[in-house]
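Colleague: Next up is a structure, given as structure tokens.
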Amino acid sequence: MIPALIKSLSILTKPIREAQLSDGQSTQTALVSALQRNLSELRERMSAGEELEEARQLLEEVRRDITWFCSDTDDLTWSFVQECLLLLLCLARHLNHLVEAFHQIHAAPNPATPEAAPPLPPDVLSVAQQKTLGTVLQFVVTLGLCPYLAPGVGVALGLRSAFGAAVEGAVRPDVAPAGDRRLLITTNVLLEVSALSSLATPVFTRHLGDIMAALCQLAYRPQRPEGDGTKSNKGLTVEERKTCKEALHSLLGKVYQPIVIKELLVLQGGPKQASSGSRGGCAGGGGKALSQAPPWLRRLCGQLLSDRLMQPQGVQAVVRAILEGTGAGGDSDWRKCDAVAKILAACPQQSASAESYYSQVCPQPKTGFPLKLSRVEPGQYLDGRPTGKTRLLLVEVLDLLHFKDKLTAQQFQRVATRAALIMVQDRPEFAHRFLLFPLLSPLRRCAQGTGADLSQDAVEEWELTRCVEDIYKICVVGNNPSEVLLKALTDVISTLFNLFCFTKQNVSHLRSSCQEILIWCLSHSKRSASLALLKRLCGLRGEVGGVKQGFQFSPGSEGGARLTLRELISDEGDALYEKVSGEQWRVQCLVQLLEEMKDSDLPGEFFLLLLQDLTAVAAEQDEVEQEVNTSSMTLLELEQHLLGRAGGHGQRLALLQALAIMCEGLPHTLLLCKPTQVVGFIASMLQRACVSLERGTDNPVESQTLSMGIGLVATLLSGAAELTADDYSSMAALLPHLEQISQQHQEPVIQGLASDLRATIATHGAYHPTTVPKTASQQSTTHSPAQPAGHSSNSLPARPQVPSQSHPKHKTDPNVTPKVKDFHTAGRIPNPGISEAARSKAFSECLLEACDPDVPTRAVALRSLTRTVRDGDKEALQNKEKLLTLFLENLEHEDSFVYLSAIQGLAVLADSFPEQILQRLLGEYQTEATVGPPKRERSLETRLKVGEVLMRACRAMGDLAPHYGRPLIGVFLSGTRDEDSSVRASSLSNLGELCQRLNFSLGPLAQELSTCLTALIKTDREAEVRRAAVHVIALVLRGLSDKTTQVLGDVLLELYRALKWVMRSDPDDVAVLHAQLALEELDEVMRRSIFPQQKLEKKIVVLP
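Counting from 207, one number per residue, gives the positions in the sequence shown under our numbering.
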């Protein structure tokens, strides 16, 4: 039956042969004659032979069932279309019967042959049959549907091809049946045929737009006037129009939505300015311009497009319909993305209000974005977080930011970013309630806990990751700051900063995004708001906040972060330490953030703001606190009074900490990058000096501050930098402070200098006394490289000298400290201009100062003695035994500044005299070693310090390690059997540093080394010892590199098995990590040994 029906269709659509075309015959006449001939041939073939008998019987049966067939029509094209429609109905009904019978027979799979392929359904057509079917559908649409569309409805035939004009001329719409009736019949038959899935594909893939245009015209075209009562102009009934409406909406719901949206956009027609030309006029791109659609069709398409947009996943469908297939990049692509964003942000005309559009809710489909919102009241959500089974329409805009496909993600992100920014700009109140609230909801939940069960408020990793990524794309990538967006971001800035601090302590992919968002927010906010934010993040305005009580950020499994419950710390000391260290780390992270803002003036202005606060603190610090009568206070008032005093002290400490970290972490070029900032810095210093003058106090710190401030002013005015009129105007802020100094300072020299500087600034440099350049030269000389600024005593000639070194806990003789400073400059490099007697005297004084009880004096003396040994001073080399004893004694000092200086000195001595010094150090390192007549054992801490010296000496040996390292190996190997685990670990560390430099000299000791390391790895109970043993193997493999197989060939297998044992059995994670690194080193060595690198070489041989 199917071949007969397809054969009948092929007869109807048989093309015209060139031989059959007569000379001078037009295309229209040839078309009509061809249709007539094909119809006659089909009727003859059906009535003559048995080949098409089954098709003829089914055709007659279908013809009897239908009511729309018109046998007496005078239009040949409509007769042809009717025959095609009848054959299509026959084919569809026959295939439908076959499919029903097939499903009844093969309802359940055969369990006997589960591996067999399923049988082929009977409605599957071959390629040739599909080609014939497509040709018939094209004839039906061209002759039976498109000619009866009203002007402007759909794409006219003349715009499709030159053949379309001939078709329009061949059709006779003035004869029965009427045009609308023909359109209704064709559309209904095509919809009935498309009910079968195998036939729906060729119908909808090529002719969906035409069918939609026909349904729109049949269902929504306004009725004709009642005055025309002819039969040909009689319209459709109400039931028929209602049926067409239902069919249209059913069709729009079944088809892939981006295709539907594309066809609706085509149905809307071209713009109004394009309608003035001909229907075939060329557009700007050289193609055919669409004609203008009727007003009723434009309104209908706009309403249908809005309905598509407000359906589930409607935003994605609209974006896909417009952007799919446009490629990536280019001006047109940017314009399309901007146009789509404007469409999404605009409120439809048929919407009741803008709020109803933006708060439109729709069923939540199953997508990869699980954010769900439940609308309760405008701008309010259940428990302050997304819940329920419905979602806001604007959340679908955020969905566009989360596509993984790189081909579509870029365009979709452009649309989402641009749409969000347009909403924020045009509709700030709705954007804040319906867009920014769900966007920032995860960060808000980190800071605001609700509910009795705190664990329910924990934020998952994917939520924080998606939230940070969305904020980055909208704010940083979109880069269109607005007041609403900055305000919303400022509300969660503390949480975002806490997350940034967490990522700085861990490896996280959120670090760069958080950093860019924070920099963007600080850069685009108002300067006063940015400074207030920085003070809040530093903790200068109370608690930083950002994370609710009892919670903390923890590493996520995907490299992000999640909010989890904090473990309770029972020890008050540990809790206080964690709090203090956390505050310090936050300030350090903030300074690192400011360091990235190299092109901004914000770091310098924040530094000046802190200096102004420091001036206020300095003014309050020395004031005598008024006596408060606490006897009349209640317990609550007393508690509040004490808490207020403690809070004030805490704020002062936080300010000092922030200034100290900024001075240490930021370069001066970033802190004071503009002349106005330098002037502000000087003003703060002079203000502090004026406060000291008002109180009548005179301490070294204030004197140093005044000296530096006046010196900097003199340097600026002496021509160190070219000053403009604006710079002199900014320096006018210094005039009141200079006038106060010139009137209230006790010394006449400083009074005169302040008066001269004030006159120079007031006259904009016209008055320039000689004292100004003289003071500037003294300032630069005092802070020259030979004498660091930290050791300068004063920059003014008439001031009393202040000791260059001091310590708050120790009192020193002012006559001794300058000698250390003199030797500091004289003992660097042997200078021929210094006499031997002076050099000997300086060396003797340093020996005495190395025993001084003052910690800074002793430490500086030890470092000076170390420098003399490194520079090869003759007297120092002659007294090496004294220096050795002195350094060894200072190893036992408790201050790290002293014993680290002693360690450095011993390392330099061991490098200069390895044979003598190393033997002595080895004796000190061993347990039974004693020093001096009173025999006593060195403490554990001292032995570890000696081990540090030996490690530095091993690193400094270089190529001489095989010569001097033999005795060291024995001591280190014996140290691995020490009772204390710290000594064992220290010995193993030194052993690793030495063995990686022995090269082939390690060969005779390989067996002993392997046995020792293997035993420690498998038997030692201390984790740090096992770590050190595994680390030794890694260092040896790294040092030997390509020589590993030659030196360790006999023990390589044993070491490999030990490393694998650690990987499988050791409970310590750090030891396992060290073993993994060692195995990677071994793997790299063996790969280079087995697969040597191929070198392409060209040899040139000279023949004799």
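For each residue, glycine too, the CB sits at the ideal point set by N, CA and C.
Remember, it's a predicted structure, so these values are computed and weren't measured experimentally.
In this structure, does DSSP put T770 in helix, strand or coil?
Modeller: Here the question's residue 770 lines up with position 564 in the sequence shown. Residue state, collapsed to three classes: strand.
Colleague: Beta-carbon within less than 6 Å of P975's beta-carbon, same chain only, minus the 5 sequence neighbours each way: which residues are those?
Modeller: Residue numbering aside, residue 975 sits at position 769 when the sequence shown is read from its first letter. D962.
Colleague: Near I212, what residues of its chain come up, given a Cβ to Cβ distance below 7 Å and the 5 sequence neighbours on each side ignored?
Modeller: By 1-based counting over the sequence shown, the position of residue 212 is 6. Excluding positions up to five away in sequence, the list reads Q335, T338.
Colleague: Could you pull the DSSP bridge partners for Q498 from this structure?
Modeller: Looking up residue 498 in the sequence shown gives position 292. BP columns for Q498 point to G475.
Colleague: When the distance is taken between beta carbons, is A1235 closer than 9 Å to D1226?
Modeller: Here the question's residue 1226 lines up with position 1020 in the sequence shown. Here the question's residue 1235 lines up with position 1029 in the sequence shown. Contact flag set, yes.
Colleague: If contact is defined by three or more beta carbon pairs under 8 Å, each pair taking one atom from either stretch, is the stretch 355 to 375 in contact with the stretch 291 to 301?
Modeller: Short answer: they don't touch.
Colleague: F308 lies in the alpha helix (DSSP H); which residues open and close that run?
Modeller: Against the sequence shown, residue 308 aligns to sequence position 102. Its alpha helix (DSSP H) spans residues 282 to 311.
Colleague: From this set, T921, I916, D933, G971, which residue's C-alpha is nearest G958's C-alpha?
Modeller: By 1-based counting over the sequence shown, the position of residue 958 is 752. Comparing Cα-Cα distances from G958 to each of T921, I916, D933, G971, the minimum goes to I916.
Colleague: Any chance the stretch 787 to 806 sits against the stretch 751 to 761, with 3 or more Cβ pairs inside 8 Å?
Modeller: Not touching, per the Cβ criterion.
Colleague: So for Q758, helix, strand or coil by DSSP?
Modeller: Looking up residue 758 in the sequence shown gives position 552. If DSSP states are grouped into helix, strand and coil, Q758 belongs with the strands.
Colleague: Whole angstroms are fine: how far does the CA of R1203 sit from the CA of L1254?
Modeller: Along the sequence shown, one-based indexing puts residue 1254 at 1048. Along the sequence shown, one-based indexing puts residue 1203 at 997. Cα-Cα distance, rounded: 14 Å.
Colleague: Please look up how many angstroms separate the CB atoms of A625 and A551, rounded, as I've assumed it's under 8 Å.
Modeller: For the purposes of this step, residue 625 is taken as residue 419 along the sequence shown, with counting starting at 1. For the purposes of this step, residue 551 is taken as residue 345 along the sequence shown, with counting starting at 1. Right, their Cβ atoms sit about 5 Å apart.
Colleague: Please report how far the alpha carbon of Q952 lies from the alpha carbon of E900, in whole angstroms.
Modeller: Locating residue 952 in the sequence shown gives position 746, counting from the first residue. Locating residue 900 in the sequence shown gives position 694, counting from the first residue. Rounded to the nearest angstrom, the two C-alpha atoms are 12 Å apart.
Colleague: According to the neighbour-count rule (16 or more other Cβ atoms, all chains shown, within 10 Å of its Cβ), is S403 buried or exposed?
Modeller: As a position in the sequence shown, residue 403 is number 197, starting the count at 1. Exposed: under 16 other Cβ atoms inside 10 Å.
Colleague: Taking one C-beta from the stretch 674 to 682 and one from the stretch 712 to 721 each time, how about it: are there three or more such pairs within less than 8 Å?
Modeller: The stretch 674 to 682 is in contact with the stretch 712 to 721.
Colleague: Any idea if V444 is buried or exposed, counting beta-carbon neighbours within 10 angstroms, 16 or more meaning buried?
Modeller: Residue 444 sits at position 238 when you count from the first residue of the sequence shown. Exposed, since its Cβ has fewer than 16 Cβ neighbours within 10 Å.
Colleague: Quick one, which of A1113, Q423, H943, V525 has its alpha-carbon nearest I465's?
Modeller: Position 259 of the sequence shown, counted from the start, is the residue given in the question as residue 465. When each option's Cα is compared against that of I465, the closest is V525.
Colleague: Any chance the CB of G1209 is under 8 Å from a heavy atom of the ligand ATP?
Modeller: This structure lacks the ligand ATP, and indeed carries no ligand of any kind.
Colleague: Could you compute how far the alpha carbon of Q863 sits from the alpha carbon of Q790?
Modeller: Position 657 of the sequence shown, counted from the first residue, corresponds to residue 863. Position 584 of the sequence shown, counted from the first residue, corresponds to residue 790. Computed Cα separation, rounded: 8 Å.
Colleague: Counting Cβ pairs, one atom from each stretch, are 3 or more of them under 8 Å apart for the stretch 1072 to 1086 and the stretch 1095 to 1106?
Modeller: With a cut-off of 8 Å, the stretch 1095 to 1106 and the stretch 1072 to 1086 do not count as touching, because too few Cβ pairs lie within range.
Colleague: For Q946, which three-state DSSP category applies?
Modeller: By 1-based counting over the sequence shown, the position of residue 946 is 740. The answer is helix: DSSP assigns Q946 an H, G or I state.
Colleague: Could you spell out the range, first to last residue, of the alpha helix (DSSP H) harbouring F345?
Modeller: Residue numbering aside, residue 345 sits at position 139 when the sequence shown is read from its first letter. Element bounds for F345: 333 to 350.
Colleague: Taking 9 Å as the cut-off, decide whether the C-beta atoms of E452 and L424 are in contact.
Modeller: Start at 1 with the first residue of the sequence shown, and residue 452 comes out as number 246. Start at 1 with the first residue of the sequence shown, and residue 424 comes out as number 218. Result no, Cβ atoms of E452 and L424 do not sit closer than 9 Å.
Colleague: If you drop the 5 nearest sequence neighbours on each side, which residues of the same chain put their C-beta closer than 7 Å to that of P809?
Modeller: The residue you call residue 809 lines up with position 603 of the sequence shown. Hits under 7 Å: L800, M803, L872, L876, L877.
Colleague: Please classify A523: does DSSP put it in a helix, a strand, or coil?
Modeller: As a first step, residue 523 must be located in the sequence shown, where it is residue number 317. DSSP places A523 in helix when its eight states are reduced to three.
Colleague: Tell me, to the nearest whole angstrom, how far the beta carbon of N1196 is from that of M1157; I am working on the premise that it is less than 8 Å.
Modeller: Taking the sequence shown and counting its residues from 1, one reaches residue 1196 at position 990. Taking the sequence shown and counting its residues from 1, one reaches residue 1157 at position 951. Contact holds; Cβ gap of about 5 Å.
Colleague: Buried or exposed: C1057, going by 16 or more other Cβ atoms within 10 Å of its Cβ?
Modeller: The residue labelled residue 1057 in the question sits at position 851 within the sequence shown. The residue is exposed, with fewer than 16 neighbouring Cβ atoms inside 10 Å.
Colleague: With distance defined between alpha-carbon atoms, name the residue in L1097, H1099, L405, K1086 nearest to I1123.
Modeller: Taking the sequence shown and counting its residues from 1, the one referred to as residue 1123 is at position 917. Considering only alpha carbons, the answer is K1086.
Colleague: Tell me whether the stretch 708 to 715 and the stretch 771 to 788 touch, counting them as touching only if at least three CB pairs, one residue from each stretch, are closer than 8 Å.
Modeller: No contact exists between the stretch 708 to 715 and the stretch 771 to 788.
Colleague: For N394, does the count of other Cβ atoms within 10 angstroms reach 16, so buried, or fall short, so exposed?
Modeller: Position 188 of the sequence shown, counted from the start, is the residue given in the question as residue 394. By the neighbour-count rule (16 or more Cβ atoms within 10 Å), N394 is buried.
Colleague: M937 by DSSP, collapsed to three states: which one?
Modeller: To locate residue 937, count along the sequence shown from 1; it is residue 731. Residue state, collapsed to three classes: helix.
Colleague: Compare the Cα-Cα distances from Q893 to each of L414, I311, L817, T930 and report the closest residue.
Modeller: Looking up residue 893 in the sequence shown gives position 687. Out of L414, I311, L817, T930, L817 has the C-alpha closest to the C-alpha of Q893.
Colleague: Quick check: V919 and L940, are their CB atoms within less than 9 Å of each other?
Modeller: Counted from its first residue, the sequence shown places residue 919 at position 713. Counted from its first residue, the sequence shown places residue 940 at position 734. Closer than 9 Å, so yes.
Colleague: Around the Cβ of H1280, are there at least 16 other Cβ atoms within 10 angstroms (buried) or fewer (exposed)?
Modeller: Position 1074 of the sequence shown, counted from the first residue, corresponds to residue 1280. Counting Cβ neighbours within 10 Å, H1280 comes out buried, since at least 16 surround it.
Colleague: If I'm right that T283 touches V361 with Cβ under 8 Å, what's the distance once you round it to whole angstroms?
Modeller: Start at 1 with the first residue of the sequence shown, and residue 283 comes out as number 77. Start at 1 with the first residue of the sequence shown, and residue 361 comes out as number 155. Incorrect: roughly 19 Å between the Cβ atoms, too far for contact.
Colleague: Measure the alpha-carbon distance for Q1213 versus K1088 and round it to whole angstroms.
Modeller: Residue 1213 sits at position 1007 when you count from the first residue of the sequence shown. Residue 1088 sits at position 882 when you count from the first residue of the sequence shown. Those two C-alpha atoms are separated by around 41 Å.
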